[in-house]
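So for the sequence shown, our numbering puts the first residue at 4; every next one is plus one.
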Amino acid sequence: MKRGWMVSVIVSAACAGPLTAADVGRMDRDGDIDGLVEGWRSSPPTPVARRLVDAMARHPDDARCRRILMEAARGHRDESVRRQAMARVPALTGTEVDDALIAGLVDPFPSVRRQARSTLARRMPGAVPRLTSAARANASPLVRSAALTVITEHALRDAEARASAVGLLVDRARRDDDPSVRSAAVNGLGGLNAVESRRLLIELARTDDDPTVRLQAGRALSKLDAPPTSERAIVMVLPLKNDTSDPRLDRYCAQVADLVAAEIATSGVMEVLDRAKRDAALDELKRIGSLLYDGDRPNAPQLGRFALANQIVYGVVQRTGLIYTLILNRMDVSTLKLVSGASVSIRGYRDDLDRMKTEAARRLVARFR
């Protein structure tokens with residue numbers, strides 16, 4: 004009894020002045036949770052507060068320590084203490100822990116947001132329900148996009164989580180009103196090789212209101228496995244119409260078509276109609292007296308009756324003064340309508356024609372994806 008009284012006196016004397024890291028270390032070794040709690044309530048300086056966070060994290064079964072860790076993670080005035088608290092809570096149970104970390108995803112300091120995301124990743128799959136709710140309904144786009152990223156990373160490690168993750172990503176890519184969240188969603192679909200989302204990604208790459216989302220959707224498409232040959236559409240690439248009054252450019256128009264066909268075939272996104280079959284169809288058009296182009300549009304009804312392709316790539320080279328314009332379009336044979344967002348237009352001088360040919364082919368293929 005006398006010895007315990009003496010220890011208490013020594014500890015009290017040591018804590019009579021400002022709390023130090025050494026005091027915290029001593030209380031931690033002695034299991035003095037009361038002292039740790041009182042030390043926290045004394046609003047210690049930041050280095051001591053971080054040490055207290057470490058000490059209390061070693062007592063996860065004590066309700067007071069848990070509560071203080073949550074308070075520190077959610078709202079301590081110093082970002083390093085918030086970050087420290089978030090790093091020390093992954094082993095704690097309870098949805099309030101996930102909620103504190105999700106709140107940290109919108110912290111003003113990037114380092115705190117990164118720590119919150121990292122700790123949430125360590126709490127998977129238990130954190131999936133709260134993160135899914137946050138991805139759908141949290142008011143902050145920072146939270147929604149980060150939640151999608153964490154869920155995607157988890158699905159990459161756990162095959163059983165993939166289906167629900169893809170469903171969530173598709174929903175957010177379609178419905179979220181913030182472009183940063185839609186970008187995170189399409190990135191996730193690409194990362195998960197969600198080939199079932201190909202049609203959606205193509206649509207977003209062409210038509211999303213935000214250029215960043217369109218770019219990210221195109222990049223996500225490039226990550227997907229190429230569709231099986233049986234599922235790919237077939238495209239017929241026609242020689243371009245020479246509308247420059249310069250017959251020397253007839254060969255150039257054919258070269259553009261050859262380059263476009265080669266780029267599409269290399270990309271693997273569509274099957275390209277064999278050139279011999281295409282030329283046979285064009286020869287048949289000539290034989291029956293039909294023109295390949297009706298104005299600037301191909302004679303699609305006549306070409307369609309050959310049932311060789313689902314889509315047609317066609318175009319024209321024009322000249323106005325010294326300026327040349329190269330235009331490429333894609334048409335759906337079944338509807339005779341242009342594919343939305345797929346057209347390419349490049350301008351330049353005569354010396355730019357080779358560059359224009361290469362750039363137009365690259366852009367057209369990018370819009371296939």
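Cβ atoms here follow ideal geometry from the backbone N, Cα and C, with glycine treated the same way.
Just the C-alpha distance for residue i and residue j, rounded to the nearest angstrom, thanks.
i	j	result
Gly107	Met334	49 Å
Tyr317	Ala260	8 Å
Ile105	Gly78	13 Å
Lys360	Val169	38 Å
Ile71	Pro111	21 Å
Arg370	Gly344	8 Å
Met127	Arg91	15 Å
Val336	Arg358	30 Å
Thr269	Ala236	15 Å
Ala364	Gly271	14 Å
Arg366	His62	59 Å
Pro113	Ile267	41 Å
Gly129	Glu199	27 Å
Can you tell which of the options has its C-alpha closest to the C-alpha of residue i?
i	options	result
Tyr327	Ala303, Tyr255 and Leu22	Tyr255
Leu329	Leu252, Ser45, Thr215 and Arg120	Leu252
Leu339	Val368, Arg350, Gly324 and Arg300	Arg300
Thr96	Ala60, Thr135 and Lys280	Ala60
Cys350	Arg322, Phe371, Ala138 and Arg120	As written in the sequence, residue 350 is Arg, which differs from the Cys given in the question. Answer by Cα proximity: Arg322.
Leu203	Ala220, Pro214, Val27 and Leu151	Ala220
Arg125	Glu156, Leu145, Val109 and Ala137	Glu156
Asp179	Ala158, Gly194 and Val216	Val216
Ile214	Leu39, Ser186 and Ala236	Sequence inspection shows Pro at residue 214; the Ile mentioned does not correspond to that position. If we check each option's Cα against that of Pro214, Ser186 comes out closest.
Leu331	Thr49, Pro128, Ile315 and Arg353	Ile315
Asp286	Glu74, Val189, Phe309 and Val368	Phe309
Asp102	Gln87, Pro182 and Asn141	Asn141
Pro250	Val320, Arg281, Arg116 and Val109	Val320
Arg80	Arg278, Ser46 and Val40	Ser46
Trp43	Arg32, Ala58 and Ala279	Ala58
Pro21	Ala52, Gly271 and Pro144	Ala52
Asp65	Gln87, Ala75 and Asp37	Asp37
Would DSSP call residue i helix, strand or coil?
i	result
Asp102	helix
Thr247	coil
Asp174	helix
Leu325	coil
Tyr255	helix
Gly344	coil
Asn313	coil
Asp335	strand
Arg80	coil
Tyr352	coil
Met273	coil
Val169	helix
Met127	coil
Val109	coil
Ile154	helix
Asp179	coil
Arg91	coil
Asp297	strand
Gly318	strand
Ile291	coil
How many whole angstroms separate the CB atoms of residue i and residue j, which I take to be in contact at a CB cut-off of 8 Å?
i	j	result
Ala264	Pro242	About 10 Å separates the two Cβ atoms, so there is no contact after all.
Asn302	Leu311	Not quite, the Cβ-Cβ distance comes to about 14 Å (not below 8 Å), so this is no contact.
Met239	Leu276	4 Å
Arg209	Leu224	Their Cβ separation, rounded to whole angstroms, is 11 Å, which puts Arg209 and Leu224 out of contact at 8 Å.
Asn196	Asp174	About 18 Å; that fails the 8 Å criterion.
Arg54	Val84	With 8 Å as the limit, Arg54 and Val84 do not qualify as a contact, their Cβ atoms being about 10 Å apart.
Val153	Leu172	Contact doesn't hold; Cβ gap of about 12 Å is too wide.
Ala137	Ala150	4 Å
Classify residue i: buried if its beta carbon has 16 or more other beta carbons within 10 angstroms, exposed otherwise.
i	result
Gly298	exposed
Gly324	exposed
Asp354	exposed
Arg160	exposed
Thr98	exposed
Val12	Only weak support is given to the placement of Val12: the predicted model assigns it a pLDDT of 39, under 50, and the value that follows is read from those uncertain coordinates. Val12 is exposed by the Cβ-count criterion.
Ser248	exposed
Lys244	buried
Please confirm whether residue i has its beta-carbon closer than 8 Å to some beta-carbon of chain B.
i	result
Glu287	Reference to chain B is not applicable here, since this structure consists of a single protein chain.
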